[in-house]
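Each protein sequence line maps, in turn, to chains V and C.
If you're matching positions, the first sequence starts at 32 in the numbering used here and goes up one per residue.
If you're matching positions, the second sequence starts at 32 in the numbering used here and goes up one per residue.
So the structure is just underneath, and the comments pick up after that.
There are 2 protein chains.
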Amino acid sequence: MEQSKALPALSALANEARLDLIKLLIGAGQAGLCAGAISKNLGISASRLSFHLSTLEQANLIQSRKSARNVIYSVNPAGLGGTISYLLNDCCQENPEVVACCRAPSSQDRPNLPVLES
Amino acid sequence: MEQSKALPALSALANEARLDLIKLLIGAGQAGLCAGAISKNLGISASRLSFHLSTLEQANLIQSRKSARNVIYSVNPAGLGGTISYLLNDCCQENPEVVACCRAPSSQDRPNLPVLES
DNA sequence: TCAACTATTCATGAAGTATTGAATTATTTG
DNA sequence: CAAATAATTCAATACTTCATGAATAGTTGA
Chain V
32 MEQSKALPAL SALANEARLD LIKLLIGAGQ AGLCAGAISK NLGISASRLS
82 FHLSTLEQAN LIQSRKSARN VIYSVNPAGL GGTISYLLND CCQENPEVVA
132 CCRAPSSQDR PNLPVLES
Chain C
32 MEQSKALPAL SALANEARLD LIKLLIGAGQ AGLCAGAISK NLGISASRLS
82 FHLSTLEQAN LIQSRKSARN VIYSVNPAGL GGTISYLLND CCQENPEVVA
132 CCRAPSSQDR PNLPVLES
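See below:
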């Protein structure tokens with residue numbers, strides 16, 4: 032991903048309500064959630080939410096589809112992954128120290144822990 | 032990393048000049064660069080640069096040390112890695128599709144490429 | 001078609017961020 | 001000590017983003 036696409040994505044992510052929104056939508060998976068359900072869940076006014084949703088959609092981090100009178104939103108994994116990849120691989124140039132810090136705890140090897148035997 | 036620390040870091044990163052700054056400092060490694068050298072390299076005025084540097088330092092993404100009349104700046108790998116980790120592991124909950132998208136090209140396995148033999 | 005519902009857009013004002021250049025502080029060198 | 005250098009702070013201005021509530025547009029079902 033180029034910087035010109037990563038910048039709007041980072042701006043979109045630099046907001047508490049929108050981070051909460053991404054977390055909620057990640058949990059909902061590809062089924063997604065309609066705007067009303069999100070509004071109730073996060074306690075954000077409809078007009079405010081609409082603004083946040085459009086910010087995230089323009090940044091290519093989420094996508095929407097119409098279903099009857101609802102608009103259903105779901106995450107765009109490629110957009111999210113591409114943004115994180117931009118930070119890790121392009122911006123930080125795969126710096127080993129940075130890479131080591133950003134592994135998932137579950138996938139971290141712990142070479143300093145002694146192996147206890149018998 | 033908690034959201035309260037990730038948010039200022041994301042805000043700090045959501046700026047073209049500061050992304051360029053991080054790239055430059057990653058390249059310089061732990062030796063770092065003094066403010067004057069950064070200013071010349073990026074073509075940013077001294078006062079503007081000072082503002083960007085302090086934004087990044089307050090977000091814990093870079094650190095500074097004094098040396099004679101210079102102030103030398105270098106990246107904070109833990110801060111950068113922690114921020115990326117927040118996005119990937121906390122916010123995106125290690126979603127497999129997101130994780131797959133944000134791997135380094137060099138470390139990507141390409142299971143769909145056929146193995147050519149003989 | 002009318003009423004109910006869902007979602008977005010618009011107008012407004014408040015708050016935060018960006019940029020410039022001049023002034024200031026601190027350090028080194030002659 | 002005075003001049004030169006390095007960096008930060010400050011004041012003023014422009015711009016962008018945030019937040020609220022009212023108005024609008026599209027969809028469904030009686």
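By construction, the Cβ of each residue, glycine as well, lies at the ideal position given by its N, Cα and C atoms.
Is the shortest distance between the beta-carbon of residue i and the beta-carbons of chain V less than 8 Å?
i	result
C/A68	no
C/I75	no
C/A131	yes
C/I103	no
C/I53	yes
Excluding the five sequence neighbours on either side, which residues of its own chain have a C-beta within less than 8 Å of the C-beta of residue i, listed in chain order?
i	result
V/L55	L64, I69, N72, L73
C/R79	A48
V/G110	A40, A90, N91, L92, I93
C/I75	A48, I69, H83
V/N107	N91, L92, I93, Q94
V/P145	Confidence at V/P145 is low in this model, with a pLDDT of 48, below 50, so the placement of that residue is unreliable and no value is reported for it.
V/I53	L44, L87, L92, I93, V106, L111
V/S98	C65
Which residues in the same chain as residue i place their Cβ atom closer than 6 Å to its Cβ, once the five residues preceding and following it in sequence are excluded?
i	result
C/E125	none
V/S123	Per the sequence shown, residue 123 of chain V should be read as Cys rather than Ser. Same-chain partners within the cutoff: V129.
C/L44	none
C/I57	V106
C/A37	T114, Y117
Quickly, what does DSSP pair residue i with across the bridge? List them, please.
i	result
V/V106	V/I93
Look up residue i in the DSSP assignment and say whether it is helix, strand or coil.
i	result
V/S42	helix
C/N101	strand
C/C132	helix
V/C65	strand
V/E88	helix
C/N126	coil
V/S35	helix
V/I53	helix
V/I75	coil
V/A48	helix
V/I115	helix
When you compare the CB of residue i with every CB in chain C, is at least one pair closer than 8 Å?
i	result
V/K36	no
V/A59	no
V/E33	no
V/K71	no
Answer yes or no: the CB of residue i versus the heavy atoms of the ligand ATP, is any distance below 7 Å?
i	result
C/I69	With respect to the ligand ATP, the structure offers nothing, as it holds no ligand at all.
So, for residue i: in the same chain, excluding its five sequence neighbours on each side, which residues have a beta-carbon less than 7 Å away from its beta-carbon?
i	result
C/S95	E88, V102, I103, Y104
V/G133	The amino acid occupying residue 133 of chain V in the given sequence is Cys; Gly does not appear at that position. These residues qualify, in order along the chain: L119.
V/N46	none
C/D51	L73
Fill in: Proximal residues, the region 83-101 of chain C versus chain V, C-beta separation under 7 Å
none
Fill in: Chain-ordered residues of the region 106-125 of chain V with a beta carbon less than 7 Å from chain C
P108, A109, L111, G112, G113, I115, S116, L118, L119, N120, C122, C123, Q124, E125
Worksheet item: Between the region 38-51 of chain V and chain C, which residues of the former have a C-beta closer than 9 Å to a C-beta of the latter?
Response: L38, P39, A40, L41, S42, A43, L44, A45, N46, E47, L50, D51
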